[in-house]
Every structure is written in C-alpha cells, then in structure tokens.
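Engineer: In the numbering used here, the protein residues as written are 2 to 323.
Glycine is no exception: its CB is placed at the ideal position from the N, C-alpha and C atoms.
Here the structure is a predicted model, which means the values were calculated and not measured.
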C-alpha cells in the first residue's frame, strides 16, 4: 500500500464504518504524529477509531538477508506516538511484534493484530500475546505468503479456537485478507470463521488513496494474468502488476535477483541508483477494480456480502426433498 494508505484514506474508511489504518512504513516519529494529526482532521467523529501498521521483520539469525529495520531504531518512539494518540489498533506485518511492545500497548488498552501468511506463524504470534490474527492468503497484493486463502483462513481459525486475548480475556479472533475486492470475499471469510476482513489493494483504487494517477490506472486495468510475484522490491515475495519492468527482471535476470538478495541487496534499489530514469516504470503496482470513494467501496462490500450470504442460505436444505 505504501503512500496509498495515507491519512485521508484511513479517515475515509473510518468515516464509512470501518477502522482505517495508516501505513507507517519508513515514517519517523514526527512524520507519524503528523499523519495521525491529519487523520483526526478528516474524521467526522473525532473519537472514531483508527490504527497504525508497521513492518517489523526479524533481523539477523536465519532471517532473510534483505530484511532490515524499517523503523531505523525508532520503534520505541513510534510506540509512544501510537499510545499517546490513543490509536484503536496496532498492526504488525512481515514479522511478530516484540513482547515488550505488545505489553506496552496492552497497558494503554490498545489491541495488537499480527499479519500471517502461513498457519505455522500463528503459534509464534500468539506467544507474543497478540489479540487478533490477520491471515492473508497468497492471492493478496503486496507482501504475501503462498498459502491459498481457502486453506489459510480456516486453518488459522482452528488454531485460534482455544487462544485468549491477554488484553480482553476474550477469544483471539481471525481477520481474513488476501484478494478481497467485494462482498463475496467478505461473505466467504465469514463462512470460514473469520470475524472480519482486512482490505488493502482494493482501496488503492479509491479517490482518497495517496497513490499517483498512473498507479490507480494500472490497478483498474489489470487482468487475470497480469500479476507476478517478485523479490526485486524488498527481498521478500510480493504480488504486483506484471509491468514490462517486472517482466524484464523475472524473465531475464533471475540469477541476478538470486545473487543480489543472497547478499542482502535489494535489486530495485540498485537499479534506481544506476538508472534513476526508471523510477516511475519500476514502481510496484498492485491490483484492484474501478476508482470510487472509500465509502462506496465499504458500502459495496457490506451490501454484496449480505446478498451473497442470503443467496448461499437459500441453497441450504435441512430436509431432503426426496
């Protein structure tokens, strides 16, 4: 989501009845404070909930060599900003949150959600004391695992059945993610046992998203075969639009990708150093549908989910017709 998940979009999602979340990657504490101030300016109800999402990958050991500290050592300060501004939710991705951070957030009454891409990640997240598991199927845009949505969501629901939230004492809930673009995805998620959904890429194609126009256009014009999984942008698998730039790497420079990432180097960053003119053509484009206001997207999700569930219910027979 990167720049797309800015304050204006987060506020619009909250105003529509969801919980808007700021993408806090590469934000300094001052920048995060500024983003939160902007969210509050756009909120219709100044006490309405919002969240903050940070990437906290494991560094060193057996972790990917391309992993690095996106907070640049400022995680404690960022945590204080989140607490001081009374965020309603903290979201951690590409790794588990530190236990001491979880404890601080809980002391301030803030629940913690950890994104996972494989069932094996669930016990690790629960051990840190998280309250919500966000299970993202491999169909999602951006950083994803390769476990399909239809396998991952019910598996994570089963793994969380006996787990309790340290904050509330209530059962740990699962939020589903991964390619959810309309109410049918929401309906499927609820059927699998999830308590709600996390929607990312669909909101890139919203009027309030901070993505540039060319990004939104590539999002809405993407077809079924226009996606690719690549390591070039972060050293971690990412699902993106298969532009000519991505195709040139994936089709002709696989050995170079392998060599660079094994050395802890990010292929795209090195490419931009050598060829800064490739900045626009090399951006990571995700996938979506048509461009519309965030409120319309939320309303459509809820309305079409209700219709899908009603239709499914009409097919359920408690007695044989034979």
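Which term fits residue 166, buried or exposed, when burial requires 16 or more other beta carbons within 10 angstroms of its beta carbon?
Structural biologist: Residue 166 is buried by the Cβ-count criterion.
Engineer: Where residue 30 and residue 91 are concerned, what is the direct C-alpha to C-alpha distance, given to the nearest angstrom?
Structural biologist: Their backbone Cα atoms lie some 15 Å apart in a straight line.
Engineer: Is there at least one non-hydrogen atom of the ligand GDP closer than 7 Å to the beta-carbon of residue 26?
Structural biologist: In the structure shown, the ligand GDP is absent, as is every other ligand, since no ligand is present at all.
Engineer: Can you tell me where the alpha helix (DSSP H) with residue 157 in it begins and where it stops?
Structural biologist: 150 to 160 is the span of the alpha helix (DSSP H), which, as asked, contains residue 157.
Engineer: Residue 321 to residue 308, Cα distance in whole Å?
Structural biologist: For residue 321 and residue 308, the distance between alpha carbons rounds to 25 Å.
Engineer: With distance defined between alpha-carbon atoms, name the residue in 161, 245, 303, 254 nearest to residue 132.
Structural biologist: Cα-wise, what sits closest to residue 132 is 161.
Engineer: Do residue 135 and residue 176 count as a contact pair if the criterion is CB distance below 8 Å?
Structural biologist: Contact: yes.
Engineer: Taking residue 303 as the reference, which of 179, 198, 236 has the closest Cα?
Structural biologist: The option with the nearest alpha carbon to residue 303 is 198.
Engineer: Using a Cβ-Cβ cut-off of 7 Å (strictly less than) and excluding sequence neighbours within five positions of residue 196, which residues of its own chain qualify?
Structural biologist: Excluding residues within five positions, the ones whose Cβ falls inside 7 Å are 174, 175, 176.
Engineer: Residue 165 by DSSP, collapsed to three states: which one?
Structural biologist: Of the three classes helix, strand and coil, the one that applies to residue 165 here is strand, per DSSP.
Engineer: Which residue from 251, 236, 146, 185 puts its Cα closest to that of residue 120?
Structural biologist: Closest by alpha carbon: 146.
Engineer: So, for residue 286: in the same chain, excluding its five sequence neighbours on each side, which residues have a beta-carbon less than 7 Å away from its beta-carbon?
Structural biologist: Confidence at residue 286 is low in this model, with a pLDDT of 43, below 50, so the placement of that residue is unreliable and no value is reported for it.
Engineer: For residue 128, tell me which candidate among 16, 20, 98 has the shortest Cα-Cα distance.
Structural biologist: Measuring from the Cα of residue 128, the nearest candidate turns out to be 98.
Engineer: Between the alpha carbons of residue 69 and residue 59, how many angstroms are there, rounded?
Structural biologist: Distance between the alpha carbons of residue 69 and residue 59: 8 Å.
Engineer: Buried or exposed, going by whether 16 or more other CB atoms sit within 10 Å of the CB of residue 13?
Structural biologist: Buried, since its Cβ has 16 or more Cβ neighbours within 10 Å.
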